[in-house]
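Asker: Per my numbering, numbering of the sequence shown is gapless, rising by one per residue and ending at 705.
Note that beta-carbon positions come from the ideal geometry of N, C-alpha and C, so glycine has one too.
Handing you this structure, nothing more for now.
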Amino acid sequence: MNRLYLVAGGLLVLAIAVVVKLVDIQMVQGEKYKELALSKTEKMFTIEPNRGNLYSEDGSLLAASVPKYEIRFDAQTVSQENFENYVGALSDSLGNMFNRPSSYYRQLFRKARANGNRYKLVARNIGYLDYVRIKQFPLFNLGPYKGGFIETHRVVREYPLGKMAARSIGYERVDENGYYTRVGLDGAFGETYLRGKEGKRLKQKIAKGQWKPVGLDNIVEPKDGLDVVSTIDINIQDIAHHELLKQLEKYKADHGCVVVMETETGEIKAISNLGRTSEGKYYEKLNYAVGESHEPGSTFKLMSMVAALEDKVVDTSTVIDTEKGRYRIYDGVVKDSKWGGYGKISVAEAFAVSSNTAFAKIIHENYKEQPEKFVNRLMNMGLHKKLDLPIIGEGDPVIRYPGDKGWSGISLGWMSHGYEVSLTPIQTLAFYNAIANDGAYVKPRLIQEVREGNKVVKRFDREVLNPSICSKETVKKAQQLLKDVVEKDYGTGHKLYSKNFSMAGKTGTTQKNYVEKNPDKLAYISSFAGYFPADNPKYSCIVVIHEPDKEEGYYGADVSGPVFKSMAQKIHAISPMVDEVDSKLIEDKKLDEAYKQYFAQVQKKHSTVPNLRGMSGMDAVSLLENLGIEVEVHGNGKVKNQSVNQGTSIKQVKKIVLELS
């Protein structure tokens, strides 16, 4: 009996406990458990906004966000009447659109209906116009509830230029932990302008772990990013890319870069970076122009020259003994590339022939008692500072100061001709551009404006970092020195000379691994920095090519100089100079017709010289070069006359002179 009471009492206590727990769940913690249940079946998802477009200066697309849609079908929400009335017409419409039998779609929808599938895939990776079209098909046009229509989309970044300028155009990616990788222009302006703001959409968990959107509207609408108009000129970019590629392939070089900058404004018109793969092909591996800091070699002689002229330790007429091509500084020996040296020559001649001994002697002997005076002069010109470019990864300039690690008694002599210092190609170009710009040190710029639709929300203007890096007197002397490099028959850049088109600049040949004792392992950097035309410059340009095949050649004048010259002539041919800027505004229709004419010409297999009159200079030059004919260009604009008549056999022609107007 006692045992019976004990069991009954236990059951009573258990029943009371169950009732109390039920009351607690229902009345006290009900909301908590409802929220927990909802969290398992409903979830807020992020909606990516449409990223803003990136344009060239003429409005051509460099990078664009394209939505890709996925269409699904909820077979449970559709009434039997609607399903039977419209499934046939819907299947016919989809069959016509995707070139499949309508029976395929009838079977798909009926099977989904029979299985109660609420998220059946109908189409994926379709464009916006196809999405709009499908949305109007029978049944789907009734919406998500009556018609079972479900759409989701993702935004895909596309690059119309393909691999050309890929590293400079760049990208922005985010990993699963929320960390961003930012490359080039697309990465640089992502956070501030292009990215936009995310939206929110509620989704419900259904069978097989799938999430189906709830309702038709978003909880928070995404805000699209702004559009960015860059300074890139796609015609100049195309020239830079192909001229660099051609020379890299010819000299089997490891990698190289080209930058073209508008002298007055600092706008970057082209930036090409190409590196060699293990298969010997070239593509945009890294942004060498912005990120690769290296010893510039003889292009740094311009900086040394400006410092010496400013401090009046020499003048361009000062005579220097080049010491038979060898100049000893303590335990180091500076050598000239010419065996036996140049004898006694003026400073101007030393610059034109690029004498290492002359520059080592000028800088070492005039600054050895006060080395900080020389370094301070370089720093006052801003050479030790980054340019603070928006593209992430700008290389650090290295200008050592007396007392710094690595400084020694031979440092001045080596710095004088571009060793024991480091600059990126774009930093070197910025200095050369300052000389072309009568001393104004302008910041290189990659962006013109930011737009929201057709509305300009922000403009970017010329930014002057230093209104005058040196005196006007020194600038004029430096400009003449750079002209002499090309114009004087003894100048290292004389191969670039053309009596019809002026250029100014400096060659550079840097030995990369100069501590290497094995001559077979020596490697070089070939460069040319300058501007054109030499008087009233329009563009500044630098070409840097790393590790050309030594058997093919490695001097800056031979490897990088021809790239500069060919680019300058082609850019000059397509770009009206300062007094003809207004003619740049060509109607799009005429431009399209000109390109059609050009492409029609290049697609023909010519055995004779074609009629080039009326073609643009760039098109004519490209056409002739494709035929293996050397071209010399006079003037700019369209072809007025050609030195070899139409119909002449190509086998008889080595060179054609084009007169443009």
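With respect to the alpha helix (DSSP H) encompassing Gln151, which residues constitute its N-terminal and C-terminal limits?
Answerer: For this step, residue 151 is matched to residue 107 along the sequence shown. Residues Ser146 to Asn159.
Asker: May I have a chain-ordered list of the alpha helix (DSSP H) segments no shorter than 4 residues that lie completely inside the segment 199-252?
Answerer: 210-213 and 228-232
Asker: Using 8 Å as the threshold, is the C-beta distance between Phe181 and Gly187 below it?
Answerer: Numbered from 1 along the sequence shown, position 137 holds the residue referred to as residue 181. Numbered from 1 along the sequence shown, position 143 holds the residue referred to as residue 187. Contact: no.
Asker: Determine the DSSP secondary structure at Gln686, reduced to helix, strand or coil.
Answerer: Numbered from 1 along the sequence shown, position 642 holds the residue referred to as residue 686. Strand, per DSSP.
Asker: Can you tell me which residues form a DSSP beta bridge with Phe117?
Answerer: Taking the sequence shown and counting its residues from 1, the one referred to as residue 117 is at position 73. Its beta-bridge partners are Lys164 and Phe193.
Asker: So, is the C-beta of Asp448 closer than 8 Å to a C-beta in chain D?
Answerer: The structure shown has no chain D; it contains just one protein chain.
Asker: To the nearest angstrom, report how far apart Pro266 and Tyr237 are at their CA atoms.
Answerer: Taking the first residue of the sequence shown as 1, we reach residue 266 at position 222. Taking the first residue of the sequence shown as 1, we reach residue 237 at position 193. Distance between the alpha carbons of Pro266 and Tyr237 is about 14 Å.
Asker: Taking 7 Å as the cut-off, is the C-beta of Leu289 nearer than that to any heavy atom in the ligand GTP?
Answerer: As presented, the structure is devoid of all ligands, the ligand GTP included, so that no description of it is given.
Asker: In whole angstroms, what separates the C-alpha of Val305 from that of Ile470?
Answerer: Residue 305 sits at position 261 when you count from the first residue of the sequence shown. Residue 470 sits at position 426 when you count from the first residue of the sequence shown. It is Met, not Val, that sits at residue 305 in the sequence shown. About 9 Å.
Asker: To which residues of the same chain is Val4 closer than 8 Å at the C-beta, ignoring the five residues directly before and after it?
Answerer: Residue 4 lies beyond the range of the chain shown here (45 to 705); nothing can be said about it.
Asker: Please look up how many angstroms separate the CB atoms of Ser20 and Thr551, rounded, as I've assumed it's under 8 Å.
Answerer: It is not possible to answer for residue 20, since the shown part of the chain is limited to 45 through 705.
Asker: Taking DSSP as the reference, what is the three-state secondary structure of Gly691?
Answerer: Reading the sequence shown from its first residue, position 647 is the one you call residue 691. In this structure, Gly691 counts as coil in the three-state DSSP scheme.
Asker: If we require 3 or more residues per run, which beta strand (DSSP E) segments fall completely within the segment 297-371?
Answerer: Taking only runs of at least 3 residues, the beta strand (DSSP E) segments lying wholly in the segment 297-371 are 299-306, 312-320 and 363-365.
Asker: Does the Cβ of Ile280 have 16 or more other Cβ atoms within 10 Å, making it buried, or fewer, making it exposed?
Answerer: Within the sequence shown, residue 280 is the residue found at index 236, counting from 1. With 16 or more other Cβ atoms within 10 Å, it is buried.
Asker: Cα-Cα, which of Lys329, Asp282, Asp579 and Ile589 is closest to Asp528?
Answerer: Taking the first residue of the sequence shown as 1, we reach residue 528 at position 484. Checking every option, the nearest Cα to that of Asp528 belongs to Asp579.
Asker: Starting from Leu525, follow the beta strand (DSSP E) in both directions and report where the run begins and ends.
Answerer: As a position in the sequence shown, residue 525 is number 481, starting the count at 1. Per DSSP, Leu525 belongs to no beta strand (DSSP E); it is in the alpha helix (DSSP H), Lys516 to Glu531.
Asker: For my contact list, Met347 and Phe395 are in at a C-beta cut-off of 8 Å; report their separation, rounded to the angstrom.
Answerer: Indexing the sequence shown from 1 puts residue 347 at position 303. Indexing the sequence shown from 1 puts residue 395 at position 351. No, Met347 and Phe395 are not in contact; Cβ-Cβ is about 12 Å, not under 8 Å.
Asker: Kindly indicate which three-state DSSP category Phe572 falls into: helix, strand or coil?
Answerer: On the sequence shown, residue 572 is found 528 positions in, with the first residue counted as 1. DSSP places Phe572 in strand when its eight states are reduced to three.
Asker: By Cβ distance below 6 Å, which residues in the same chain neighbour Met659 in space, the five residues on each side in sequence not counted?
Answerer: Locating residue 659 in the sequence shown gives position 615, counting from the first residue. Answer for Met659: Val683, listed in chain order.
Asker: Applying the 10 Å Cβ sphere with the 16-neighbour rule, what's the burial state of Ala133?
Answerer: Counting from one through the sequence shown, the residue named residue 133 turns up at place 89. Exposed: under 16 other Cβ atoms inside 10 Å.
Asker: Are the beta-carbon atoms of Leu318 and Gly300 separated by less than 8 Å?
Answerer: Within the sequence shown, numbered from 1, the residue matching residue 318 stands at position 274. Within the sequence shown, numbered from 1, the residue matching residue 300 stands at position 256. A contact, by the Cβ cut-off of 8 Å.
Asker: Under the rule that 16 or more other beta-carbon atoms within 10 Å means buried, what is Ser693, buried or exposed?
Answerer: Here residue 693 corresponds to residue number 649 of the sequence shown, with the count starting at 1. By the 10 Å Cβ count, Ser693 comes out exposed.
Asker: Ser627: buried (16+ other C-beta within 10 angstroms of its C-beta) or exposed?
Answerer: For the purposes of this step, residue 627 is taken as the residue at position 583 of the sequence shown. Note on Ser627: pLDDT 36, under 50, position unreliable in the model; the coordinate value appears next. Per the 10 Å Cβ criterion, exposed.
Asker: Pull up the distance between the alpha-carbon of Val272 and that of Tyr99, whole angstroms please.
Answerer: For the purposes of this step, residue 272 is taken as residue 228 along the sequence shown, with counting starting at 1. For the purposes of this step, residue 99 is taken as residue 55 along the sequence shown, with counting starting at 1. In a straight line, the C-alpha of Val272 is about 6 Å away from that of Tyr99.
Asker: Give me the residue from Asn331, Glu496, Asp482 and Ala664 with the minimum Cα distance to Leu433.
Answerer: By one-based count along the sequence shown, residue 433 stands at place 389. The shortest C-alpha separation from Leu433 is found at Asn331.
Asker: Do Asp355 and Arg421 have their CB atoms nearer than 8 Å?
Answerer: Here residue 355 corresponds to residue number 311 of the sequence shown, with the count starting at 1. Here residue 421 corresponds to residue number 377 of the sequence shown, with the count starting at 1. The answer is yes: Cβ separation under 8 Å.
Asker: Grab me the residues of Ser571's own chain with a C-beta within less than 6 Å of its C-beta, minus the 5 sequence neighbours each way, in chain order.
Answerer: Taking the first residue of the sequence shown as 1, we reach residue 571 at position 527. Counting only Cβ-Cβ distances below 6 Å, and skipping sequence neighbours, we find Thr343, Gly552, Val588, Gly600 and Ser604.
Asker: Quick one: give me the first and last residue of the alpha helix (DSSP H) that Asp602 is part of.
Answerer: Here residue 602 refers to the residue found at position 558 of the sequence shown. Here the alpha helix (DSSP H) through Asp602 covers Gly600 to Val603.
Asker: Please state the DSSP three-state secondary structure of Ser399.
Answerer: By 1-based counting over the sequence shown, the position of residue 399 is 355. Ser399: coil per DSSP, three-state reduction.
Asker: Which same chain residues, not among the five before or five after Asp632, have their C-beta less than 7 Å away from its C-beta?
Answerer: Counting from 1 along the sequence shown, the entry for residue 632 is found at position 588. Caution is warranted here: a pLDDT of 42 is assigned to Asp632, below 50, making its placement in the model unreliable, and the coordinate value is therefore given only provisionally. Excluding positions up to five away in sequence, the list is empty.
Asker: How about Arg372 and Arg239: are their beta carbons less than 8 Å apart?
Answerer: For this step, residue 372 is matched to residue 328 along the sequence shown. For this step, residue 239 is matched to residue 195 along the sequence shown. The answer is no: Cβ separation not under 8 Å.
Asker: Pull up the CB-CB distance for Tyr295 and Gly597, whole angstroms please, since I reckon it's below 8 Å.
Answerer: Here residue 295 corresponds to residue number 251 of the sequence shown, with the count starting at 1. Here residue 597 corresponds to residue number 553 of the sequence shown, with the count starting at 1. Between Gly597 and Tyr295 the Cβ distance is about 7 Å, and since that is below 8 Å, they are a contact.
Asker: Just verifying my parser: in three-state terms, what is the DSSP assignment at Ile615?
Answerer: Here the question's residue 615 lines up with position 571 in the sequence shown. Three-state DSSP puts Ile615 in a helix.
Asker: At the level of alpha carbons, what is the spacing between Leu152 and Met208?
Answerer: In the sequence shown, the residue the question calls residue 152 occupies position 108. In the sequence shown, the residue the question calls residue 208 occupies position 164. Looking at the two C-alpha atoms, the distance is approximately 44 Å.
Asker: Taking the beta strand (DSSP E) that Ile589 falls in, what are its first and last residues?
Answerer: Here residue 589 refers to the residue found at position 545 when the sequence shown is read from its first residue. Run containing Ile589: Tyr583 to His590, per the beta strand (DSSP E) assignment.
Asker: In or out: Pro488 buried (at least 16 other Cβ within 10 Å) or exposed?
Answerer: As a working mapping, residue 488 is identified with position 444 in the sequence shown. Buried, by the Cβ-count rule.
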